[in-house]
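Participant: FYI, my numbering numbers position 320 of the sequence shown as 364, with every residue one higher than the one before it.
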Amino acid sequence: MVHYSELGFVNTKDMFKKAFEGGYAVPAYNFNNMEQLQAIITACVNTQSPVILQVSKGARNYANQTLLRWMGQGAVEFAKELAASKNLKEIPICLHLDHGDSFELCKSCIDFGFSSVMIDGSHLPYEENVAITKQVVDYAHKYDVSVEGELGVLAGIEEDVSSDRHIYTNPDDVEDFVKKTGVDSLAIAIGTSHGAYKFKVEKGKEPPPLRFDILEEIEKRIPGFPIVLHGASSVLKEYVDMINAYGGKLEDAIGVSEDQLRKAAKSAVCKINIDTDGRLVMTAKIREFFAKNPSEFDPRKYLGPARDELIKMYERKNKEVLGSAFEV
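Spelled out as structure tokens, the structure:
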């Protein structure tokens, strides 16, 4: 076993306390490869934003758990080096398991140096969700690892997470769930959705607003408790259009309004998950590059511009959407 502190990571407790007091949300960006990781770290150092590096079950299988451990440690050292070169402060970095679906997976991640894990029992009957979440909490807290639980079901598809129905979080359940499980944060369902196709709307119409009434009621039931929003990519139109212009087919892809995300970040929402937007940016720039350079075959030539565009997107999210940027 390796403890996350040996790798330079922190858990989410202090991050969320500061986010709640400061009226912002910590960005939780998913990564699957080196270029995404470079972009996330560079953007967050440049904007002096705390960051949660998210690894899904699928990404862990794709990258290999041992390699991920060293990539994570490398990211921490890269962040320190970058901050020193720019006379900036070092930023806090958390390594988090996104949508863990079993105690065994959560335990393995904790043993390999993750500083935070999510156990998603939202698809289970309530008491089963409570039981598996408490099992993970009891193990994680032995090592000061943070645990995120979930109540409510988000519709949509993204990697191993899939549902054709949306069940809003019931505010009547949250106090009991938090008390019985001992979780450190709670993911809720108020209208966000996984994937690029979050809403079905008629052409020219706006997607439905998030259920801020549910969020406000939850805040009353568990005041000061860190809330998490999943499925919060905005599915940025410029990149969807770019993908489609260069041979892609992402018709009617639509996401969550950035204005609504900013409003959520000013509340008890201390963590906002963004994955799809990063995928869209990379795909858009790679498609554009190959359309303009059909004879190129050096991965650095097309992954480099994609990484640079990702940095710009993440910096803007930190500054304008999440409010987590503390530029000097």
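Just so it is clear, CB atoms sit at the ideal spot from N, CA and C, and this is done for glycine as well.
Comparing alpha-carbon positions, which option in Q109, R323, A127, H140 lies nearest V70?
Facilitator: For V70, the nearest C-alpha among the options comes from H140.
Participant: Please tell me whether, using a cut-off of 6 Å, the distance from the CB of I318 to the nearest non-hydrogen atom of the ligand NAP is below it.
Facilitator: The ligand content of the structure shown is nil, which means the ligand NAP is not present either.
Participant: Please go through the same chain and pick out, in chain order, the residues whose beta-carbon is closer than 7 Å to the beta-carbon of M357, but skip the five residues on each side of it.
Facilitator: Only D321, V325 meet the Cβ criterion.
Participant: Determine whether the beta carbon atoms of V365 and E302 lie at a separation below 7 Å.
Facilitator: Contact: yes.
Participant: In terms of alpha-carbon separation, which member of V218, G157, N131, L168 lies closest to D145?
Facilitator: Nearest option by C-alpha distance: L168.
Participant: Can you tell me which of L305, L280, V300, K307 puts its alpha carbon nearest to the alpha carbon of L294?
Facilitator: Selected option, being the one with the closest Cα: L280.
Participant: Using DSSP with H/G/I as helix, E/B as strand and the rest coil, what is V279?
Facilitator: Looking at V279 - three-state DSSP - the assignment turns out to be coil, as it is neither helix nor strand.
Participant: Going by DSSP in three states, E219 sits in which element: helix, strand or coil?
Facilitator: DSSP places E219 in helix when its eight states are reduced to three.
Participant: Scan the stretch 139-182 and note each continuous alpha helix (DSSP H) run of 4 residues or more that stays entirely inside, going in chain order.
Facilitator: Qualifying alpha helix (DSSP H) stretches, in chain order: 147-155.
Participant: Applying the 10 Å Cβ sphere with the 16-neighbour rule, what's the burial state of P270?
Facilitator: P270 comes out buried.
Participant: Chain D beta carbons: is any one of them nearer than 7 Å to that of H185?
Facilitator: Of the protein chains in this structure there is only one, and it is not chain D.
Participant: Buried or exposed: H274, going by 16 or more other Cβ atoms within 10 Å of its Cβ?
Facilitator: Counting Cβ neighbours within 10 Å, H274 comes out buried, since at least 16 surround it.
Participant: Excluding the 5 residues preceding and the 5 following I258 in the sequence, name in chain order all residues of the same chain whose CB lies nearer than 7 Å to its CB.
Facilitator: Taken in chain order, the residues that qualify are Y212, T213, P215, I234.
Participant: Using the Cα positions of S100 and D142, report the straight-line distance between them to the nearest angstrom.
Facilitator: When rounded, the distance between both Cα atoms is 5 Å.
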